[in-house]
Amino acid sequence: MTNELVLNRRFAPTVYLGTADVVENDVLTDRILVMRRMPAERRLPLLLDCPEWEAVIRGVARTIAAFHADVGPAPDAQDWASRDGVWLNWRNNFESMNPFVGSALDLRSVDRARTLVHRYLSQRGELFDWRIRKGLVKDGHGDLRAEDIFCLPEGPQILDCLAFSRGLRVADVLADTAFLAMDLDRLAGPTVARRFMDYYTEFSNEHHPASLAHHYVAYRAHVRTKVALLRYGQGDFSGAAEARTYHDLCLRHLEYSAVRLVLVGGGPGTGKSTLARGLGDSMGWIVLNSDELRKDITGHAHGEHARAEFEQGIYTPEVTARLYAALLDQAALLMARGESVIIDASWPSAEVRRNARLLASSWDAGLVELECVAEIDTTKRRVALRNRTGADGASDATPAILDQAMAARDPWPTAQSVSNEGSVTDTLEHALRYVSAPPP
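Per our numbering, the very first residue in the sequence shown carries number 782; after that it's consecutive.
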């Protein structure tokens, strides 16, 4: 009981007042926590439909971030938050749910969840080890549920941490926070949940790949699925519907968590860089630009022009081979850390595309191939305008090389063709349909 008091006072010191003995017939039979009564109307779920909802979740995010900042790294982090430790938690959940599959839960959806979990964790050991090395695994709350948070004038009061199990409390701070993000998603929708996570990132200065946040939100929804199924098994038949709701939420975030490698290609002037930037901004994914990396590996500043005849100067086949090898090496490092990557390059040959496919497969990443197309007169006009206005950035393309560059391209039958003749907005919306589709 003393341990429970100490652990909960970390979050709500003025709520947990102490302990009291329960005595019957002069015999000490129990010891209970003494707590200040909370006003029911200030419970967080009741405030999510109010005009003050954003200020409320901002305050909660600030409180959680401040708590995490004050706690040191857990010395036993490797036991609980390594890739193997995280998988063990998933596996235990799946095993607890097995008796209910086929009755309360659909077998296909459970198999789908298991597949997506395996796919994410199989190649992400470095991501979890990196988080441990950064000191981001701490003894946290373990059960951040909206119904246990009361928003008072003196600040949010967060109750009922998992005092009974250190193993369930010790986790990545993102996993701790994801429990509440999951609950907010369930109660108020993804916009409120994302806003909460944005505020947490702002106050904590903790940065993470979006895939990891989705993975942990999915895990927390999976935990609640298991709890609902256990209630169902004890005769509470409402638990089946609740379990399905949580499992649907789990699946949605597992699909969002899938790491992607997106190839955005096409000849000069087809709008591939504009599209790649738009996709990166929309999805929160990292964009690697081949023009900039070519300048890096040849010792040129990004804004320094090195125009040359077709396949001459810094555009020889040898330099281009080095460029694509470097692009894929950088993408591999990023995908190991859970980042989805967009590579903005011409992708002219079947060989470099094949190498990209092999890389995506080796990292269990979903591959999306997009080929930007436009009429040759349109591309020449765009390139000429960029040359005149200096708006070409790191690109050295000129109208003179366009015909040769397009003639040298291998057919790309595995790519989705994206026309860049229309507006930037229409092109982006077209491409987003391919990029945001659930993984196979």
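Yeah, the Cβ is synthetic: ideal placement off N, Cα and C, and Gly gets one too.
Would you please state the rounded distance, in angstroms, between the beta carbons of residue i and residue j? I believe it to be under 8 Å.
i	j	result
Ser863	Ile913	7 Å
Leu961	Ala994	Wrong, their Cβ atoms sit about 12 Å apart, outside the cutoff.
Thr800	Val815	6 Å
Leu1056	Cys1153	6 Å
Leu918	Ala855	For the sequence presented, residue 918 should be read as Val rather than Leu. Going by Cβ atoms, the distance from Val918 to Ala855 rounds to 5 Å, so yes, they are a contact pair.
Ser1071	Leu1044	Not confirmed; about 11 Å, so no contact.
Gly1046	Thr1208	So it is not a contact: roughly 14 Å between Cβ atoms.
Val1068	Asp1125	6 Å
Ser1121	Arg1041	4 Å
Ala991	Gly1061	Going by Cβ atoms, the distance from Ala991 to Gly1061 rounds to 12 Å, so no, they are not a contact pair.
Thr1006	Ala1021	Actually they are not in contact, since the Cβ atoms of Thr1006 and Ala1021 sit about 11 Å apart, beyond 8 Å.
Gly1084	Leu1183	About 22 Å; that fails the 8 Å criterion.
Arg950	His922	7 Å
Thr1159	Arg1088	Thr1159 to Arg1088, Cβ: 21 Å. No contact.
Ile838	Arg1033	So it is not a contact: roughly 20 Å between Cβ atoms.
Gly1059	Val1205	7 Å
Leu1140	Leu1114	Not confirmed; about 11 Å, so no contact.
Can you grab the Cα-Cα spacing for the pair residue i / residue j, in whole Å?
i	j	result
Cys1031	Asp887	14 Å
Thr1195	Ile1078	29 Å
Ser1019	Met878	16 Å
Asp811	Leu943	20 Å
Ala969	Lys1076	47 Å
Arg1135	Leu1148	11 Å
Trp834	Leu828	6 Å
Phe1091	Glu1156	20 Å
Trp861	Ser884	32 Å
Tyr1013	Glu928	21 Å
Leu1035	Leu798	41 Å
Arg889	Arg895	10 Å
Gly906	Ala1039	15 Å
Asp1191	Trp1128	9 Å
Arg872	Val891	12 Å
Leu902	Arg818	43 Å
Ala1009	Pro794	31 Å
Leu747	Gly1119	There is simply no residue 747 to check, as the chain begins at 782 and stops at 1221 in what is shown.
His1003	Ala1189	50 Å
Ala1117	Pro934	44 Å
Ser1130	Arg1138	13 Å
Ala1218	Ser1198	16 Å
Arg947	Asp857	10 Å
Ala1102	Thr972	43 Å
Thr1026	Asp1145	28 Å
Met963	Pro1098	49 Å
Phe909	Pro826	32 Å
Leu965	Ile939	15 Å
Ala974	Arg967	9 Å
Glu1150	Arg824	47 Å
Label residue i either buried or exposed according to how many other C-beta atoms from any shown protein chain fall within 10 Å of its C-beta, with 16 as the threshold for buried.
i	result
Asp1017	exposed
Lys1223	Outside the shown range of the chain (782 to 1221) lies residue 1223, about which nothing can therefore be said.
Ala1106	exposed
Gly853	exposed
Phe945	exposed
His899	exposed
Asn784	exposed
Asn743	Outside the shown range of the chain, which is 782 to 1221, sits residue 743, and nothing can be said about it.
His988	exposed
Ala847	exposed
Cys831	exposed
Val804	exposed
Ser1054	buried
Val998	buried
Ile1123	buried
Glu876	exposed
Asn806	exposed
Pro937	buried
Can we count residue i as close to the ligand SAM, meaning its CB is less than 8 Å from some heavy atom?
i	result
Leu1114	Among the components of this structure there are no ligands whatsoever, and the ligand SAM is therefore not found.
Taking the DSSP output, what are the residues bridged to residue i?
i	result
Arg824	Phe931
Gly1203	Gly1203 is not bridged to any residue.
Tyr797	Met816
Glu1152	Gly1046, Ser1198
Pro1219	DSSP lists no partner for Pro1219.
Lys1076	Note: Lys1076 sits in no beta bridge, so no partner.
Gly921	Answer is none; Gly921 lacks a bridge partner.
Asp1158	For Asp1158, which the question treats as bridged, DSSP gives no partner whatsoever.
Glu805	Val808
Leu1069	Ile1124
Arg893	Arg893 pairs with nothing; no bridge assigned.
Ala952	Lys919
Arg1222	Any answer about residue 1222 is impossible in this case: the structure gives the chain only from 782 up to 1221.
- Query: When the Cβ atoms of the segment 968 to 986 are set against those of the segment 837 to 844, are three or more pairs found closer than 8 Å?
  - Reply: The segment 968 to 986 makes contact with the segment 837 to 844, as at least three CB pairs between them are under 8 Å.
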